[in-house]
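Enquirer:
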Amino acid sequence: MYQAPRGTQDILPEEQPYLRFVEVKASELCARYGYERIDTPVFEDARLFTRSVGAETDIVAKEMYTFADRGGDELTLRPEGTAPVCRAYLEHGMATRTKPVKLYYITPIFRYDRPQAGRYRQHHQFGFEAIGEADPAIDAEVIDMAWRFYGLLGIGELTLQLNSIGCSACRSTYLDALRSYYAVHLAILCDDCTERQVRNPLRLLDCKRPGCQALAEAAPKSIDYLCPECRAHFEKLTHYLGRLKLPYAVNHRLVRGLDYYTRTVFEVQPLSEGAQSTLGGGGRYDGLIEALGGPPTPALGFATGIERIIINLKKQGVKIPEARRPDVFIAHIGKAAQDEAVALAARLRLSGIGVLQSYGERSLKAQLRQAGSLGVRYALITGDDEVNSGSVIRRDMTTSEQIIVPLADVERSLGAQSG
Ligand code: AMP
0 MYQAPRGTQD
10 ILPEEQPYLR
20 FVEVKASELC
30 ARYGYERIDT
40 PVFEDARLFT
50 RSVGAETDIV
60 AKEMYTFADR
70 GGDELTLRPE
80 GTAPVCRAYL
90 EHGMATRTKP
100 VKLYYITPIF
110 RYDRPQAGRY
120 RQHHQFGFEA
130 IGEADPAIDA
140 EVIDMAWRFY
150 GLLGIGELTL
160 QLNSIGCSAC
170 RSTYLDALRS
180 YYAVHLAILC
190 DDCTERQVRN
200 PLRLLDCKRP
210 GCQALAEAAP
220 KSIDYLCPEC
230 RAHFEKLTHY
240 LGRLKLPYAV
250 NHRLVRGLDY
260 YTRTVFEVQP
270 LSEGAQSTLG
280 GGGRYDGLIE
290 ALGGPPTPAL
300 GFATGIERII
310 INLKKQGVKI
320 PEARRPDVFI
330 AHIGKAAQDE
340 AVALAARLRL
350 SGIGVLQSYG
360 ERSLKAQLRQ
370 AGSLGVRYAL
380 ITGDDEVNSG
390 SVIRRDMTTS
400 EQIIVPLADV
410 ERSLGAQSG
């Protein structure tokens, strides 16, 4: 027997209402903040990610699904949503649009990760990007939008973590400070951190091993090394967050996994589980568009994992709207009646009513049992007498009350409840 590939999952019909709920709330949110949807291809030129996300990041070094297609092109299944949106922004000359250009996406993401609860090799993200604005007021707006999204979904008990990791100018001074701090502790670092110390020192701060965590806690803080411009940006941002009454906490160990972040980084985490099960994260990436060959362009964004949202919706018992199901089942007795039933089902559907029909020759009792288990409101029953008199029997499945309805009046008799 075949199975879905490791780390992937089928989203069965009973799970779909959750997905739809999240998608509907996401598009409601985006309408309020002025974001428009963009869809980019599932695969891209591999270099788009190696050049933007960073060769030393986990995503590029270990997690990408990269393959050569039959023409020999190196392609990568989308491992994150920001670089493709920026590629599309440049490719379609969106820089000429009124800025900031605000775009959102809902899309599958592929990462060759070690599968566990809440961590899959294919998952889905809702993300949004605001391109072309440097004012810290938009950092506050993006953080506000991310935070409000969970409120809109009905998910509570979250924390909002904030940090600034500076720009290319102040980052190097900070990295030097980090390296010298860690240089005297090399003996107690885990293997991964020993490597990070040389190649990607910022990532030392988010190592999950207890020994390394204690070291990271006491490490130099990026906000103490910000240049005057980055410091002013951070101060204005926290001022606006105060005006918005957002309950943020500065977390100097928050660095985010991708190379392209500058200045503002933030994450939303469940209170009980913390960073292991981060719901969403984002930040500013002022250098990314230039790294992709465009003009210097300030930008920022946020992305959140839909599977993790659904885990939290279920855990917190959030009630979501049920999927709409057909209200009507048509039962028939005999060949002539089936003929009538086939035509009637099509007619009712055309007028917008959801209809299921019975197939084959079965007893009326069996057909009504099926109607009961389908949870429809009405069964319409047709047999020789009804065909001859141009009518059907309408049975209310809750009360078992039956009335005869002329064929021409069926829509009206179902209309109020089914339309
Ligand atoms: P990232 O791009 O890593 O910041 O991911 C954004 C969000 O997507 C995370 O906060 C998670 O909610 C979700 N996410 C990331 N990786 C995975 C994964 N492997 N499986 C499920 N959800 C994920």
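In terms of numbering that gives the first Met the number 0, the sequence shown has 401 at position 402, counting the first letter as 1, and numbering is strictly consecutive.
All C-beta atoms in this analysis are idealised placements derived from N, C-alpha and C, irrespective of residue type, glycine included.
(1) Hey, could you find the ends of the beta strand (DSSP E) residue 44 is sitting in?
(2) Which value, in whole angstroms, describes the spacing of the CA atoms of residue 72 and residue 219?
(3) For residue 159 versus residue 245, is the C-beta distance shorter than 8 Å?
(4) Please tell me whether residue 50 has its Cβ less than 8 Å away from any Cβ of chain C.
(5) What are the start and end residues of the beta strand (DSSP E) that includes residue 303?
(6) Are the CB atoms of residue 268 and residue 151 within a distance shorter than 8 Å?
(7) Closer than 7 Å to a non-hydrogen atom of the ligand AMP - does that hold for the CB of residue 202?
(8) To the nearest angstrom, how far is the alpha carbon of residue 227 from that of residue 6?
(9) Say the cut is 7 Å; is the CB of residue 124 nearer than that to a heavy atom of the ligand AMP?
(10) Should residue 215 and residue 206 be called a contact, given that it needs their Cβ atoms to be closer than 8 Å?
(11) Consider the C-beta atom of residue 53 and the heavy atoms of the ligand ADP; say whether any pair is separated by less than 7 Å.
(12) Alpha carbon to alpha carbon, how far is residue 415 from residue 397?
(13) For a test of your reading of the model: does the CB of residue 65 fall under 7 Å from any non-hydrogen atom of the ligand AMP? Yes or no.
(14) With the cut-off set at 8 Å, would you say residue 303 and residue 124 are in Cβ contact?
(15) Can you give me the C-alpha to C-alpha distance between residue 190 and residue 305, rounded to a whole angstrom?
(16) Note down, in chain order, each residue of its chain lying with its Cβ closer than 8 Å to the Cβ of residue 264, except the 5 sequence neighbours on either side.
(17) Quick check: does the Cβ of residue 306 come within less than 7 Å of any heavy atom belonging to the ligand AMP?
(18) For residue 209, which of helix, strand or coil comes out of DSSP?
(19) Check whether the region 56-72 touches the region 98-108, taking contact to mean three or more Cβ pairs, one atom from each stretch, closer than 8 Å.
(20) What are the start and end residues of each continuous beta strand (DSSP E) run of 3 or more residues lying completely inside the region 91-155, in chain order?
(21) For residue 223, which three-state DSSP category applies?
(22) In the DSSP output, what is residue 265 paired with across the bridge?
(23) With H, G and I counted as helix, E and B as strand and the rest as coil, what does DSSP make of residue 171?
(24) Where do the ends of the alpha helix (DSSP H) carrying residue 52 lie?
(25) What residue from 186, 188, 187, 197 has the CA that sits closest to residue 176's CA?
(26) Would you decide whether residue 333 is buried or exposed? Buried here means 16 or more other CB atoms lie within 10 Å of its CB.
(27) Using CA coordinates, which residue listed in 368, 378, 328 is at the minimum distance from residue 356?
(28) What are the start and end residues of each continuous alpha helix (DSSP H) run of 4 or more residues lying completely inside the region 318-352, in chain order?
(29) Short check: CB of residue 317 to CB of residue 154, under 8 Å?
(30) What are the residues that DSSP puts in a beta bridge with residue 66?
(31) How would you call residue 185, buried or exposed, if buried means at least 16 neighbouring beta carbons within 10 angstroms?
(32) Quick one: what's got a C-beta closer than 7 Å to residue 404's C-beta in the same chain, skipping five residues either side?
(33) In the DSSP assignment, what residue or residues form a beta bridge with residue 395?
(34) Quick check on the burial criterion: 16 or more other C-beta atoms within 10 angstroms. Buried or exposed for residue 224?
(35) In three-state terms, what does DSSP make of residue 403?
(36) Shortest alpha-carbon distance to residue 41 belongs to which of 108, 17, 34, 11?
Expert: Taking the coordinates as given:
(1) Indexing the sequence shown from 1 puts residue 44 at position 45. Here the beta strand (DSSP E) through residue 44 covers 42-44.
(2) Walking along the sequence shown from the start, residue 72 turns up at place 73. Walking along the sequence shown from the start, residue 219 turns up at place 220. Going by the C-alpha atoms only, they are around 43 Å apart.
(3) Reading the sequence shown from its first residue, position 160 is the one you call residue 159. Reading the sequence shown from its first residue, position 246 is the one you call residue 245. Against a cut-off of 8 Å, the Cβ pair of residue 245 and residue 159 comes out as a contact.
(4) Absent from the structure is chain C; it holds one protein chain and no more.
(5) Sequence index remark: in the sequence shown, residue 303 carries index 304 (1-based). Counting along the chain, the beta strand (DSSP E) containing residue 303 begins and ends at 298-304.
(6) Indexing the sequence shown from 1 puts residue 151 at position 152. Indexing the sequence shown from 1 puts residue 268 at position 269. No, these two residues do not count as a Cβ contact at 8 Å.
(7) Stepping through the sequence shown from its first residue, residue 202 is reached at position 203. No, the Cβ of residue 202 stays beyond 7 Å of every heavy atom of the ligand AMP.
(8) The residue given as residue 227 occupies position 228 in the sequence shown. The residue given as residue 6 occupies position 7 in the sequence shown. Taking the straight line joining both Cα atoms gives about 45 Å.
(9) Against the sequence shown, residue 124 aligns to sequence position 125. Residue 124 Cβ: within cutoff of the ligand AMP.
(10) Here residue 215 is taken as the residue at index 216 of the sequence shown, counted from 1. Here residue 206 is taken as the residue at index 207 of the sequence shown, counted from 1. Cβ distance < 8 Å, so residue 215 and residue 206 count as in contact.
(11) Among the ligands present in this structure, namely the ligand AMP, the ligand ADP is not found.
(12) Within the sequence shown, the letter at position 416 stands for residue 415. Within the sequence shown, the letter at position 398 stands for residue 397. In this prediction, residue 415 has a pLDDT of 49, which is less than 50 and means its spatial position is unreliable; what the coordinates show is noted afterwards. Between residue 415 and residue 397, the C-alpha separation is close to 16 Å.
(13) Counting from 1 along the sequence shown, the entry for residue 65 is found at position 66. Result no, Cβ not under 7 Å from the ligand AMP.
(14) The residue you call residue 303 lines up with position 304 of the sequence shown. The residue you call residue 124 lines up with position 125 of the sequence shown. Result yes, Cβ atoms of residue 303 and residue 124 sit closer than 8 Å.
(15) Counting from one through the sequence shown, the residue named residue 190 turns up at place 191. Counting from one through the sequence shown, the residue named residue 305 turns up at place 306. Spanning the two alpha carbons is a distance of roughly 32 Å.
(16) Here residue 264 corresponds to residue number 265 of the sequence shown, with the count starting at 1. Result list for residue 264: 161, 162, 163, 164, 253, 254, 255, 280, 281, 282, 283, in chain order.
(17) For the purposes of this step, residue 306 is identified with residue 307 of the sequence shown, where counting begins at 1. Yes - the ligand AMP has a heavy atom lying nearer than 7 Å to the Cβ of residue 306.
(18) Locating residue 209 in the sequence shown gives position 210, where the first residue counts as 1. DSSP places residue 209 in helix when its eight states are reduced to three.
(19) no
(20) 100-109, 121-130
(21) Translated into the one-based positions of the sequence shown, residue 223 becomes position 224. It is helical.
(22) In the sequence shown, residue 265 corresponds to position 266, counting from 1. 161, 281, per the DSSP bridge assignment.
(23) Indexing the sequence shown from 1 puts residue 171 at position 172. Of the three classes helix, strand and coil, the one that applies to residue 171 here is helix, per DSSP.
(24) To locate residue 52, count along the sequence shown from 1; it is residue 53. Careful: residue 52 lies outside any alpha helix (DSSP H) and carries neither H nor E.
(25) The count along the sequence shown starts at 1 and reaches residue 176 at position 177. Residue 197 is the option with its Cα nearest to residue 176.
(26) To locate residue 333, count along the sequence shown from 1; it is residue 334. Looking at its Cβ environment, which holds fewer than 16 other Cβ atoms inside 10 Å, residue 333 is exposed.
(27) Start at 1 with the first residue of the sequence shown, and residue 356 comes out as number 357. Closest by alpha carbon: 328.
(28) 334-349
(29) Here the question's residue 317 lines up with position 318 in the sequence shown. Here the question's residue 154 lines up with position 155 in the sequence shown. Closer than 8 Å, so yes.
(30) Taking the sequence shown and counting its residues from 1, the one referred to as residue 66 is at position 67. Its beta-bridge partners are 74.
(31) On the sequence shown, position 186 is the one that residue 185 refers to. Looking at its Cβ environment, which holds fewer than 16 other Cβ atoms inside 10 Å, residue 185 is exposed.
(32) By 1-based counting over the sequence shown, the position of residue 404 is 405. So the list reads 390, 391, 393, 412, once near-sequence residues are dropped.
(33) Along the sequence shown, one-based indexing puts residue 395 at 396. Answer is 377.
(34) As a working note, residue 224 is residue 225 in the sequence shown. Flag for residue 224 reads buried.
(35) Translated into the one-based positions of the sequence shown, residue 403 becomes position 404. Strand, per DSSP.
(36) As a first step, residue 41 must be located in the sequence shown, where it is residue number 42. That would be 108, whose Cα lies nearest to the Cα of residue 41.
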